[in-house]
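**Q** This structure is in structure tokens; I'll ask about it shortly.
Number of protein chains: 4
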Amino acid sequence: MREDVIGRANVEDTPELEAYYRDLERYEAGALWTVANKIEPWQPKSQSVPVLWRYDDLRSHVLRSVELVSPEKAGRRVIYLNNPGRREVSAAVGWLYSGLQVMNPGEVASAHAHSASALRFIMEGRGAYTIVDGHKMPLGANDFVLTPNGTWHEHGVEASGLPCIWQDGLDIPFVNAMEANFYAVHPDLSQAVAYPVDDTTHAWGAPGLRPAGDKWSKQYSPLFKYQWGPTYEALSKYAKSTAGSPFDGVMMNYVNPVTGGPVMQTIGATMQMLRAGERTKAHRHTGSFIYQVAKGKGYSIIDGKRFDWKERDIFCVPSWSWHEHGNASNSEDACLFSFNDMPVIGTLGLYREEAFGDNDGYQLN
Amino acid sequence: MREDVIGRANVEDTPELEAYYRDLERYEAGALWTVANKIEPWQPKSQSVPVLWRYDDLRSHVLRSVELVSPEKAGRRVIYLNNPGRREVSAAVGWLYSGLQVMNPGEVASAHAHSASALRFIMEGRGAYTIVDGHKMPLGANDFVLTPNGTWHEHGVEASGLPCIWQDGLDIPFVNAMEANFYAVHPDLSQAVAYPVDDTTHAWGAPGLRPAGDKWSKQYSPLFKYQWGPTYEALSKYAKSTAGSPFDGVMMNYVNPVTGGPVMQTIGATMQMLRAGERTKAHRHTGSFIYQVAKGKGYSIIDGKRFDWKERDIFCVPSWSWHEHGNASNSEDACLFSFNDMPVIGTLGLYREEAFGDNDGYQLN
Amino acid sequence: MREDVIGRANVEDTPELEAYYRDLERYEAGALWTVANKIEPWQPKSQSVPVLWRYDDLRSHVLRSVELVSPEKAGRRVIYLNNPGRREVSAAVGWLYSGLQVMNPGEVASAHAHSASALRFIMEGRGAYTIVDGHKMPLGANDFVLTPNGTWHEHGVEASGLPCIWQDGLDIPFVNAMEANFYAVHPDLSQAVAYPVDDTTHAWGAPGLRPAGDKWSKQYSPLFKYQWGPTYEALSKYAKSTAGSPFDGVMMNYVNPVTGGPVMQTIGATMQMLRAGERTKAHRHTGSFIYQVAKGKGYSIIDGKRFDWKERDIFCVPSWSWHEHGNASNSEDACLFSFNDMPVIGTLGLYREEAFGDNDGYQLN
Amino acid sequence: MREDVIGRANVEDTPELEAYYRDLERYEAGALWTVANKIEPWQPKSQSVPVLWRYDDLRSHVLRSVELVSPEKAGRRVIYLNNPGRREVSAAVGWLYSGLQVMNPGEVASAHAHSASALRFIMEGRGAYTIVDGHKMPLGANDFVLTPNGTWHEHGVEASGLPCIWQDGLDIPFVNAMEANFYAVHPDLSQAVAYPVDDTTHAWGAPGLRPAGDKWSKQYSPLFKYQWGPTYEALSKYAKSTAGSPFDGVMMNYVNPVTGGPVMQTIGATMQMLRAGERTKAHRHTGSFIYQVAKGKGYSIIDGKRFDWKERDIFCVPSWSWHEHGNASNSEDACLFSFNDMPVIGTLGLYREEAFGDNDGYQLN
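Chains as they are written, first to last, in full-length UniProt numbering: chain A, 1 to 365; chain B, 1 to 365; chain C, 1 to 365; chain D, 1 to 365.
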């Protein structure tokens, strides 16, 4: 790891030094210059690699799990996404976990709570619902729902519904890494529904308005459910008045209406629209991202490699990786849902961004 | 002003003291005990009185002003509301100004800016619009629009429209009292429309979402227009899941989506629904309020006096006045728009509230 | 009030309009154009005038009050400062009240609380103390102490002390104007000392450190006392490393250590040093200021008028008045204590500042 | 990893499932229930172990490095502390790096910048200084200095000084883990001293005061140096008025005077005093801590194991480890400096704390 650059470690091994290093080991110590260039890289090099998970590949395996295990035995019946560079911590990218969960009509998972923050993005089915601290919310395709850190939560599918599949997103690897993860099973295994169905959506899901008497002191959004209908309408309206980002098209962040900031303290989420025929330019920035294609078809070029995607496919962009997106249709818009660790990166002062300068901003691939 | 209570001033005038007081006057000084009980009251006693301004009374006079003065001569053609206790500062209540402005199709007022914060609530007509710092917004009945402190703004009615009347609300008296009011006429007398019509509504008027790349550093809301349609829908949904406030029924605050706080630094605004047959209990609190009836009919009892109102009527509730509201209909809801100085009161630590304890919470009247 | 400027009201009285105005009065209304130019001035014109209160003039009168009234009868034995333009609201400038309070050894004032925020700056004597919510603090000359809004507080002089005089500063006129002032006499007339003497100074008066477990949720500073010794030392050190402000010399704000912001929500306070021979340039800004000369002698030029001052003199600078300061000594520094309504002005977005452009920045006088 | 508890994964391997698992691997996926109990522990189990690094052991080795490598070759001449459980990431505990750096009189390290936040705590010597973004600060024993993320910084020892040793603390492992570390060598290899020596200490190191015109918008403290003298005085004063924490004695946090919050966004620092004879009770909480003994001698019991320490010794407490401290002297106080990742833990909502309930709060050891 020697570098012949002033200001960097460049020490040749000698017998005397090697003896010295062994001495240091006895005292749980080492010489910084033997690791300095490794632990202080010029710029980040992610351990994660870009991956595309095709729904056509995964769906049948997800459905097969229904026959293979019960929710009771499995805890939760989930197929999780394993980044080749992050298998050790069961992450899909960086410190973010993701998986596909499936439930049959009438099934319900036991209620639990954990320090990790969690979200769900509904992929297919009918009759899914989530209960968060007593607030029950029915969920449909492309709905986005939070189960924030510390909340009791459980999922189910109404007996009258259809088999449901959704994507889970959590920061379990991060909270584990921070050595701060706690887990609890609800003493009654399931919660009572303590409020009118969809009450937090009714109270907090209005544009430019908030309930007057409702004091909310939690650090996450009181709006737990973000429905697809109003979200797509919002993007469509915003598209009428904005040129959009050169890197991301028409992009909106899901926010905590109490603060205007991210929905949870450790996970942010975004929906973006690539207009018909739109192709964005490449940039890179710190932070790890997992995308699900909510609508349409297209492709992303990540660190020079092209990934073609269509509705329900999932892919990831590691930290500091070049990425650009294209809509493959010239008549229909395409929409990408994504979640990320940007609240961590931003809050802690670790955000940095760079535009791709060559080739008019487009990577070669 | 003597009070025979320990801890209060209770000094009898004597010739010696009177001579002493005259001495002090020569040095621009006085004896505190001669004014202490007056300037330190046990509780607030507002200089304002409750007033109901009936639209039936005012409308014809407002329309008559069209014949009497031109916008050019008048600056703005407005009939303002004069609280009998606040004539000196031209306030409708406390330090809040309000007036009814009228414009004919094709008319446009000259663009200006001031340190006072302003808002408009549309009462009738067709084709009204406001331009704020280059952002143009068409306005319909019950739409609420901001023209924040320091912004260039102007109002007009499209040539194809109908005569329009709206209520203005400003904190001119307050900013004057703070000796901080500046006024400027736009150098070109009118602004260019610099953005797509309704662009801030498209960008910031979505529930639970905000434009991803848009950094907003101003201290007022980037959402300038709050439309009646979504506002009424929001109240109707919220009504399904809340018991409501005992004092205010189903109430929502208009908010700055960037902060979740008030729309401007000195003026807050609220829309509340009194459900069919609803009658609220009385409370009082610091802060001055001006209401406009957006929908329905009913009454308010303010410091023991009943005021019957219907759509478009305006009334005020002075600081620390008991007040309660009733919907006169058993089948239709009623909606009250209001604006207030609560951001000032709250930010500065001056809020206090009290429920009416007697008679099961209802004032006698 | 007519102005022949486009965008300003310029309507001639006619018999028809006069009749119209009378009609409007019947409905508690008026025509805006009759008052618009008055209530929307081009820039602020303060109702206050600059005043210098010489301690040589006031001291004997203050001491004489000891013979004339008892604290029991007077409530508090205070000579207050009366700005000729603000007699109606008993203000020394703008909405700020100030007075000189005197107490003999062994005297104690009854404990009370009010919504107004208060401060004290000690002028002379020995043995003075203040108790705030059970925290007792001995006070010496040039010490600055807070009795924030809503706190129980009382003052006294130890029996072993000397007669003490201090300056009171409050926002009573402002809180009255906001119709939000409440007053209460302590049920026991005096408080028990519930903590070690000077405990908040010990906990919160350290540079760059705060007590680790102490959660402070009040909106005012937990550090109630700011001692002269460390304050003068701080200014002296800062003077070594700063060029200082062209308008104010070496100036530091007293702050709430929990937030780095002003000591109370409605009143800010400042200590500034004019170095030997220093003469500052003129500027003006919104906000009202009351100064006390803590050390040295010099002069201030306020709106073109020169005021010569020395230690213990008090003077005021009204909002938007030009002002500049000079140290009359070429060998000793001079220090000015001041308090102001800048937290109100700043929090509400009403601050504006302008440098004096002519004559190299110095007013003629 | 099976657990026979409802709500936990408890699936037996079968040939069919094993085949299924192999299928999933082909698609970069896995079955959650095979890893769920591992990645969702009931409570944190730190990878770090408690370690005591005795200065008597390390000092000679640190000094020997002066002969073995030059600062030019080494980059920085540092012996770093290697937690047996965290060798892979060169951390002393959790995600925190620490090392002992030595410099001879006249030596100077090249200036650089990195995304990691850094601090120094001076152990011995004379003439040490640090330059941060052009601000030079002389440093003595027990002084604490910041070199925040993104700042240019360099260290040196005056030619007239003595060999200096200090402890470095950084979050390099954390910023690496977040894949957000950037490193740059200063183009001139050293900075010009652009301000008066100690200027930020003069401006920001005062109790309850801040420079009036100095707007500071960075997210870290503008006060870079916290001197031992005022720090020890602060603790001594605070000790007079507080009972102290049952777990930590008399403890104060170093703070950013602009916000009252932690000195940097990712690293907090604390100085605590154990009074003569004081023995604290045990608690545990999330967050990783590295201590240096600034004064005195005593012991800490960490997860049941006793570590005896004296001045200059260093030890660590891993996340969620029980710990308690004792002063071994009945006549002298002992002081512990520590730094930690609490700003990360706290900002992200991951703090949890628990008192040791048995044995009157004391661990057996």
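Quick reminder that beta carbons are idealized off the backbone N, C-alpha and C, glycines included.
(1) Since residue 149 (chain C) meets chain B, which of its residues come closer than 7 Å, beta carbon to beta carbon?
(2) Measure from the alpha carbon of residue 342 (chain A) to the alpha carbon of each residue in A:261, A:307, A:277 and A:209, then state which is nearest.
(3) Residues of chain A with a CB under 9 Å from the CB of residue 223 (chain B): which are they?
(4) Residues in its own chain within less than 6 Å of residue 246 (chain B) by CB, not counting five upstream and five downstream?
(5) Give me, in chain order, the residues of the same chain whose beta-carbon lies closer than 7 Å to that of residue 190 (chain A); leave out the 5 immediate sequence neighbours on both sides.
(6) Excluding sequence positions up to five away, which residues of its chain have a Cβ less than 6 Å from the Cβ of residue 338 (chain B)?
(7) Rounded to a whole number of angstroms, what is the C-alpha to C-alpha distance between residue 124 (chain D) and residue 161 (chain D)?
(8) Under the three-state reduction of DSSP, which class applies to residue 176 (chain A): helix, strand or coil?
(9) Measure the alpha-carbon distance for residue 240 (chain C) versus residue 324 (chain D) and round it to whole angstroms.
(10) Given that residue 6 (chain B) touches chain C, what residues does it touch there, using C-beta distances under 8 Å?
(11) From the beta carbon of residue 53 (chain B), is the nearest beta carbon of chain C less than 8 Å away?
(12) Does the Cβ of residue 6 (chain B) have 16 or more other Cβ atoms within 10 Å, making it buried, or fewer, making it exposed?
(13) Taking only runs of the beta strand (DSSP E) that begin and end inside the stretch 159-232 of chain D, which ones reach a length of at least 3 residues, in chain order?
(14) If I follow the unbroken beta strand (DSSP E) through residue 81 (chain C), where does it start and stop?
(15) Keeping to the same chain, check which residues put their C-beta closer than 7 Å to that of residue 362 (chain B); ignore five residues upstream and five downstream.
(16) Pairs of beta-carbons, one from the stretch 173-185 of chain B and one from the stretch 130-138 of chain B, closer than 8 Å: are there three or more?
(17) Do the stretch 341-358 of chain C and the stretch 20-31 of chain A make contact, defined as three or more Cβ pairs closer than 8 Å?
(18) So who's on the other strand from residue 287 (chain D), going by DSSP bridges?
(19) Shortest alpha-carbon distance to residue 117 (chain A) belongs to which of A:151, A:142 and A:85?
(20) By alpha-carbon positions, which one of B:96, B:166 and B:9 ends up nearest to residue 73 (chain C)?
(21) According to DSSP, is residue 240 (chain D) helix, strand or coil?
(22) If you run the structure through DSSP and keep just helix, strand and coil, what is residue 364 (chain C)?
(23) Select from C:353, C:364 and C:348 the residue whose C-alpha is nearest the C-alpha of residue 148 (chain B).
(24) Of the residues that make up the stretch 37-61 of chain D, which ones have a beta carbon closer than 7 Å to any beta carbon in chain A?
(25) Taking Cβ positions only, does residue 245 (chain B) come closer than 8 Å to chain A?
(26) Does any residue of chain A have a CB that is nearer than 8 Å to the CB of residue 259 (chain D)?
(27) How is residue 85 (chain D) classed by DSSP in three states: helix, strand or coil?
(28) Starting from the Cα of residue 184 (chain A), find the closest Cα among D:206, D:66, D:40 and D:273 and give me that residue.
(29) Assign residue 365 (chain B) to buried or exposed, taking buried as 16 or more other Cβ atoms, counted over all protein chains shown, within 10 Å of its Cβ.
(30) Measuring CB atoms only, is the stretch 203-219 of chain D touching the stretch 203-213 of chain C, in the sense that at least three cross pairs come out at less than 8 Å?
(31) Using only alpha-carbon positions, find the residue among A:296, A:295 and A:327 that is nearest to residue 306 (chain A).
(32) What is the rounded straight-line gap between the Cα of residue 129 (chain D) and the Cα of residue 201 (chain D)?
(33) Could you work out which residue in B:319, B:85, B:75 and B:227 is closest to residue 4 (chain C) when comparing CA atoms only?
(34) Starting from residue 213 (chain A), find everything on chain B with Cβ-Cβ shorter than 8 Å and list it in chain order.
(35) State the DSSP-derived secondary structure class of residue 253 (chain D), mapped to helix, strand or coil.
(36) Using the rule of at least 16 other Cβ atoms within 10 Å of the residue's Cβ for burial, across every protein chain shown, is residue 278 (chain B) buried or exposed?
**A** On the basis of the data shown:
(1) Neighbours of residue 149 (chain C) on chain B, chain order: 349.
(2) Answer by Cα proximity: A:261.
(3) Result: 207 and 208.
(4) When the five nearest sequence neighbours on each side are left out, the beta carbons in the same chain lying within less than 6 Å of the beta carbon of residue 246 (chain B) are those of 281, in order along the chain.
(5) For residue 190 (chain A), the CB contacts under 7 Å within the same chain, skipping 5 residues up- and downstream, are 108, 110, 111 and 154 in chain order.
(6) Only 270, 289 and 291 meet the Cβ criterion.
(7) About 11 Å.
(8) Three-state result, residue 176 (chain A): helix.
(9) Between residue 240 (chain C) and residue 324 (chain D), the C-alpha separation is close to 44 Å.
(10) Neighbours of residue 6 (chain B) on chain C, chain order: 72, 110, 185 and 189.
(11) Closer than 8 Å to some Cβ of chain C, the Cβ of residue 53 (chain B) qualifies, so yes.
(12) Here residue 6 (chain B) is exposed. Its C-beta has fewer than 16 other C-beta atoms within 10 Å.
(13) Entirely contained in the stretch 159-232 of chain D, the beta strand (DSSP E) runs reaching 3 residues are, in chain order, 183-185 and 209-211.
(14) Looking at the DSSP string, the run of the beta strand (DSSP E) that includes residue 81 (chain C) is 78-81.
(15) Excluding sequence positions up to five before and after residue 362 (chain B), its CB lies within less than 7 Å of the CB of 281, 282 and 324, all in the same chain and listed in chain order.
(16) The stretch 173-185 of chain B, when compared against the stretch 130-138 of chain B, does not touch it at the 8 Å Cβ threshold.
(17) Inter-segment contact for the stretch 341-358 of chain C and the stretch 20-31 of chain A is absent: fewer than three beta-carbon pairs are separated by less than 8 Å.
(18) In DSSP, residue 287 (chain D) forms no bridge with anything.
(19) Selected option, being the one with the closest Cα: A:151.
(20) Residue 73 (chain C) has its Cα closest to that of B:9, out of B:96, B:166 and B:9.
(21) Reduced to three states, the DSSP call for residue 240 (chain D) is helix.
(22) Residue 364 (chain C): coil per DSSP, three-state reduction.
(23) Here the closest residue by C-alpha is C:348.
(24) Residues of the stretch 37-61 of chain D whose Cβ lies closer than 7 Å to any Cβ of chain A, in chain order: 39, 40, 41, 42, 43, 44, 46, 51, 53, 57, 58 and 61.
(25) With respect to chain A, the C-beta atom of residue 245 (chain B) has a partner C-beta closer than 8 Å.
(26) With 8 Å as the cut-off, residue 259 (chain D) does not count as an interface residue toward chain A.
(27) Here residue 85 (chain D) sits in coil by DSSP.
(28) In terms of CA proximity to residue 184 (chain A), D:40 leads the group D:206, D:66, D:40 and D:273.
(29) Residue environment for residue 365 (chain B): exposed (fewer than 16 other C-beta atoms within 10 angstroms of its C-beta).
(30) Three or more pairs of CB atoms, one per stretch, sit closer than 8 Å, so the stretch 203-219 of chain D contacts the stretch 203-213 of chain C.
(31) For residue 306 (chain A), the nearest C-alpha among the options comes from A:327.
(32) Residue 201 (chain D) has its alpha-carbon roughly 14 Å from the corresponding atom of residue 129 (chain D).
(33) The shortest C-alpha separation from residue 4 (chain C) is found at B:75.
(34) Ordered by position in chain B, the residues that pass the 8 Å Cβ test against residue 213 (chain A) are 245, 248 and 251.
(35) Residue 253 (chain D) falls in the strand class under three-state DSSP.
(36) Burial call: buried.
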